[in-house]
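**Q**
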Amino acid sequence: MSKQLWQPSDARITASLTQQFINGLPKTAGSIPNYDALWNWSVQDKAAFWSAFWEFANIIGERGNLALKNEVDVKNAKFFPNAQLNYAENLLRQKGGDAAVVFHGENGDRLEWSWDELHAQTSRIQQALIKQGIGQGDRVAAFVPNTPYTLAAMLAVTSLGAVWSSCSPDFGYNGVMDRFGQIEPKLLFCADGYFYNGKEFSSVETAQKLGADIPSVQQVIITPYIGTDLSALELGDKCTSLADFTASIEPQEIAFTRVAFNAPLFILFSSGTTGLPKCIIHSVGGTLLQHVKEHQLQGDIRPGDRLMYFTTCGWMMWNWLVSGLASGATLILFDGSPFYPDGNRLADIAQREKVTHFGTSAKYIDACAKGGITPATTHDLSDLRTIFSTGSPLAPEGFEYIYDAWKSDVCLSSIAGGTDIAACFTGGSPISPVYSGQCQKRQLGMDVRVFDDEGRETNGEPGELVCVGPHPSQPIGFFNDPLGEKYHNAYFAKFDNVWHHGDWVEITPEGGVVFFGRSDAVLNPGGVRIGTAEIYRQVERIEQVLEGLVIGQQWDNDVRVVLFVRLRDGVTLDDELATRIRKEIRANATPRHVPAKIIAVADIPRTKSGKITELAVRDVVHGRPVKNTEALANAEALELFKNLPELQD
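Numbering (full-length UniProt numbering), first residue to last: 1 to 649.
Written out as structure tokens, the structure is:
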């Protein structure tokens, strides 16, 4: 039995949007006394659930008379096949002088736009896009920091029924080309630069080179951030400033182009550490409906709330964050290092802006715990109702740290899904308890189960996370995959007519979900499968260890567990520390989890979104090439794992 850390009050349950949704359901839904009953109904009668939610959320658009077509064919089922709607129209439903977006830059800048100002900025960019010939289905890319100008550009693009794709400015030239070169955008947005960890970086030269080297790009539009005097630069024919791009254009009412539910909206990219990134196409209706459901029913986000998620524009959580406008929330944006000038930076913003919903990565939470950050004693977070965590499994110690050091009365929702669906399979429930180490619940409308390798459903045992029914946020497919072979092989090849997600999980007696890591990184010593997260949970409890990375090394006709650790400054990996690590793992996991080798390294490679790259390290250790190091934030760290003498015996 897991430790219960939080229980919503009766008053909070009664006031929640989830309970309001339950109260408004038709009698045909039957008795729904709690979240689990609501989940059961939502996956048993998907058409009724998604139709009811469309009405509850007041989605703008024509819904059509059919909610779900071809339900029995999970891959090819279609939600709302006759619907017509526009993503930006739903996000820009509010008007007036209240704040729509508040931006904090690492350098101390603060910029606030009202709903009317966001409309005006979006309108001006939209009109300029129309002059440039941008229309329905055209692709527009952005190499940008997380600023209000990026938000307005995305809204302008999607208001026309065009397709938006973005990555963050810390991607190198090759990393951007690997992504945008595949999708052939007509336009490219770029900021003049960005700040990170106290340093200023210019993006102009990279933007010019991208514009020249991607033949489809007609124009590069440079938005302001670091204060570059663009008039003093030789920008060339393709580059222009946002000010010049929208010069002499006055704001007007935005004309929204409504498109089919399954029309393309976003192109997101897989991390690409095993080859060129996959270009995953997400739909207008699926993205909107899924995000609004997650915000309102799983997160209790409502008009006037203030939503902050620490993310870059290269992570799907940016797309998830900006959809918060559709629920009337004010977006709180931050761009830069969350530890500059110190580890209280995000808590400072949360206090100042009266944030109600704060989101971040599990790695950030772990780093704050290691760094002794205690906002509960230093900040006023009285407005904060919900904390979201994702990116990797949050260890039980991370849960307890939040309740001890951030806020005791808060709904801590560990959410999990991925770029593949631009959404979540598991996550929050504002009307359910929080248990240590668990995602609270399977998300509504997502028929998540756990299968063994033979495709049999397991109960109370770890296995493969699968979704046995269709869901609106399934991608349209992959770009340049005309027959859908790559798409099929990615998600539907392992189990017939079932979405296979690639996570190793277990459904708990409380109805929550525990994640043990990616199933392709699962260790297999002696033929017994164990998840990497089970080892990380023990290792990262040890004060001297900042973080770990574990792989299985092929050795002596078997697999042996190898643990790499990054230690605090001044700490060395001596026999005493190695013994303590092994004892901690043995006592709290199993003897099979105990590493055969423990090796200290100066750095651990990670993707741009902060996820450690077990598979890339495994390839290096086995002498195999890593196909796309551009996907890594610190590719040079891979050199630390080559030809290690400790792994030769």
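All C-beta atoms in this analysis are idealised placements derived from N, C-alpha and C, irrespective of residue type, glycine included.
Indicate whether N524 and G552 have their beta-carbon atoms separated by less than 9 Å.
**A** yes
**Q** Mind checking whether the beta-carbon of K354 lies closer than 8 Å to any heavy atom of the ligand NAP?
**A** Ligands are entirely absent from the displayed structure, and the ligand NAP is therefore not among its contents.
**Q** At which residues does the beta strand (DSSP E) containing S114 begin and terminate?
**A** 110-114
**Q** Opposite C313 in the DSSP bridges: which residues?
**A** Looking at the DSSP assignment, C313 forms no beta bridge with any residue, so it has no partner.
**Q** Report the three-state DSSP secondary structure of A533 (helix, strand or coil).
**A** A533: helix per DSSP, three-state reduction.
**Q** Can you give me the C-alpha to C-alpha distance between V505 and V513, rounded to a whole angstrom?
**A** 7 Å
**Q** Between D213 and S203, how many whole angstroms is the CB-CB distance? I'm expecting something under 8 Å.
**A** 15 Å between Cβ atoms; not a contact.
**Q** Suppose the cutoff is 8 Å on Cβ atoms and the five residues either side in sequence are ignored; what does the same chain contact list for P625 look like?
**A** Closer than 8 Å at the Cβ level, and outside the excluded window around P625, lie D619.
**Q** Going straight from the alpha carbon of I443 to that of T508, what length do you get?
**A** Note that residue 443 is Gln in the sequence shown, not Ile. So the two alpha carbons sit approximately 15 Å from each other.
**Q** Indicate the three-state DSSP secondary structure (helix, strand or coil) for W406 in the structure shown.
**A** coil
**Q** Take A57 as the anchor and find which of K293, T458, E576 has the nearest alpha-carbon.
**A** K293
**Q** Determine the extent of the alpha helix (DSSP H) in which Q20 is found, giving its start and end residues.
**A** 17-23
**Q** From residue 651 to I535, what distance separates their C-alpha atoms?
**A** As displayed, the chain neither begins before 1 nor continues past 649, which places residue 651 out of reach and without an answer.
**Q** What would DSSP say about K131, mapped onto helix, strand or coil?
**A** K131 falls in the helix class under three-state DSSP.
**Q** To the nearest angstrom, report how far apart Q131 and T246 are at their CA atoms.
**A** For the sequence presented, residue 131 should be read as Lys rather than Gln. The alpha-carbon atoms of K131 and T246 are separated by roughly 10 Å.
**Q** Along the alpha helix (DSSP H) that carries S42, what are the first and last residues, could you check?
**A** Run containing S42: 35-44, per the alpha helix (DSSP H) assignment.
**Q** Does the distance from the C-beta atom of A263 to that of Q126 stay below 9 Å?
**A** Result no, Cβ atoms of A263 and Q126 do not sit closer than 9 Å.
**Q** Please identify the residue among F103, D520, N107, R529 whose C-alpha is closest to the C-alpha of K494.
**A** D520
**Q** To the nearest angstrom, report how far apart R110 and N82 are at their CA atoms.
**A** 43 Å
**Q** For I431, name the three-state secondary structure that DSSP assigns.
**A** coil
**Q** Could you tell me if G428 is buried or exposed, where buried requires 16 or more neighbouring beta carbons within 10 angstroms of its beta carbon?
**A** buried
**Q** I think P393 touches F515, with their Cβ atoms under 8 Å apart; what is that distance to the nearest whole Å?
**A** 4 Å
**Q** Given 8 Å as the limit, is there contact between the region 458-471 and the region 67-81, that is, 3 or more CB pairs closer than that?
**A** yes
**Q** Using 10 angstroms around the beta-carbon of G570, count the other beta-carbons present and answer buried if the total reaches 16, otherwise exposed.
**A** Around the C-beta of G570, fewer than 16 other C-beta atoms lie within 10 Å, and the residue is accordingly described as exposed.
**Q** Going by DSSP, name the residue or residues bridged to H593.
**A** In DSSP, H593 forms no bridge with anything.
**Q** Find out if the Cβ-Cβ distance for the pair G359, S166 is shorter than 9 Å.
**A** Between G359 and S166, the gap from beta carbon to beta carbon reaches 9 Å or more.
**Q** Using the Cβ count rule (16 or more neighbours within 10 Å means buried), how would you classify V72?
**A** exposed
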